[in-house]
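Enquirer: So for the sequence shown, the working numbering puts the first residue at 2; every next one is plus one.
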Amino acid sequence: MANARRSSLWIAVGLRIMSQPRSTWTQLSDEQLLAQCAVDTYRASGPGGQKRNKTSSAVRLRHTPTGIIVIAEESRSQHENRAKALRRLRRALYLQLREPPNSQDESWQSAMRDGRVEVTHRDPRYWPIVGIALDALYSEEGRVRDAAERLGITTGNLLQVLEMDPRAWQQANVLRARFGHKPLKS
């Protein structure tokens with residue numbers, strides 16, 4: 002029964018049902034990923050001077066296959082906001098979509114040094130690694146020790162990776178809450 006329950010967990014992502022693995026979208030080029038999105042531009046409110054109030058520079062991307070929505074409206078340039086929104090969409094794919102953990106993944110293996118994951122939050126491998134770490138946490142029903150063991154690292158190392166970015170830490174606590182565990186404290 003536990004295996005049947007666990008296999009059905011891979012499909013349920015929060016309230017989203019996914020039929021394809023996350024890599025289907027994360028390995029796409031920016032142009033290919035953007036082609037899968039509904040793009041809305043609008044006038045953002047707030048500081049930025051007269052130009053900001055006259056041009057539709059804010060960008061909202063709605064990824065059609067997953068339903069994930071991201072926005073970027075900081076810049077007065079629509080081009081810059083579109084690039085920021087695409088980066089946020091990629092990050093959201095790693096944060097919100099779960100699949101069976103793969104510690105043999107190339108980004109995971111390249112970040113391993115002496116049995117530890119050594120990566121900074123500015124490293125391009127960081128978000129794929131966070132995705133794998135969250136996958137393991139999800140597969141082990143929110144138990145950090147078991148997730149770290151599955152990945153072949155220490156509990157402290159797993160927590161270090163997740164703690165580098167507040168969004169990763171928050172998502173780890175969302176997963177833990179889903180399985181009835183107390184939130185992790187930083």
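Where is the CB? At the ideal position from N, CA and C, for every residue including glycine.
1. Closer than 8 angstroms is the cut-off here; do at least three beta carbon pairs connect the region 148–157 with the region 128–137?
2. Look at A39 and V60 and say whether their C-beta atoms are less than 8 angstroms apart.
3. Would you mind stating whether L96 and W26 have Cβ atoms separated by less than 8 angstroms?
4. Grouping DSSP H, G and I as helix and E and B as strand, with all else coil, what is L16?
5. How is D106 classed by DSSP in three states: helix, strand or coil?
6. Quick one: grab the DSSP three-state call for H80.
7. Once the 5 residues before and after K1 are set aside, which same chain residues still bring their CB inside 8 angstroms of it?
8. Return helix, strand or coil for R114, following the three-state DSSP convention.
9. Based on DSSP bridge pairs, tell me the residues matched to H64.
10. Whole angstroms are fine: how far does the CA of E81 sit from the CA of P22?
11. Tell me whether the beta-carbon of I70 lies closer than 8 angstroms to the beta-carbon of S104.
12. Below 8 angstroms between beta carbons: does that hold for A173 and L185?
13. So, using beta-carbon positions, are L98 and T56 closer together than 8 angstroms?
14. May I have the straight-line CA-CA distance separating E142 from F180, to the nearest angstrom?
Expert: With the structure as the only source:
1. A contact exists between the region 148–157 and the region 128–137.
2. The answer is no: Cβ separation not under 8 angstroms.
3. No; because the gap between Cβ atoms is not below 8 angstroms, this pair is not in contact.
4. Residue placement at L16 is poorly supported in this model, since its pLDDT is 38, which falls under 50; the coordinates still yield a value, given next. Collapsing the DSSP output to three states places L16 in coil.
5. In the three-state scheme derived from DSSP, where H, G and I count as helix and E and B as strand, D106 is classed as coil.
6. H80 falls in the helix class under three-state DSSP.
7. With the chain represented from 2 up to 187, any question about residue 1 goes unanswered, as that position is not in the structure.
8. R114 carries a strand assignment under DSSP once its states are collapsed to helix, strand and coil.
9. Answer by DSSP bridge pairing, in chain order: C38.
10. If I take the Cα positions, the gap works out to 29 angstroms.
11. A distance of 8 angstroms or more separates the beta carbons of I70 and S104.
12. Their beta carbons are under 8 angstroms apart, which means A173 touches L185 by this criterion.
13. No, the Cβ-Cβ distance between L98 and T56 is not below 8 angstroms.
14. Straight-line Cα distance between these residues: approximately 6 angstroms.
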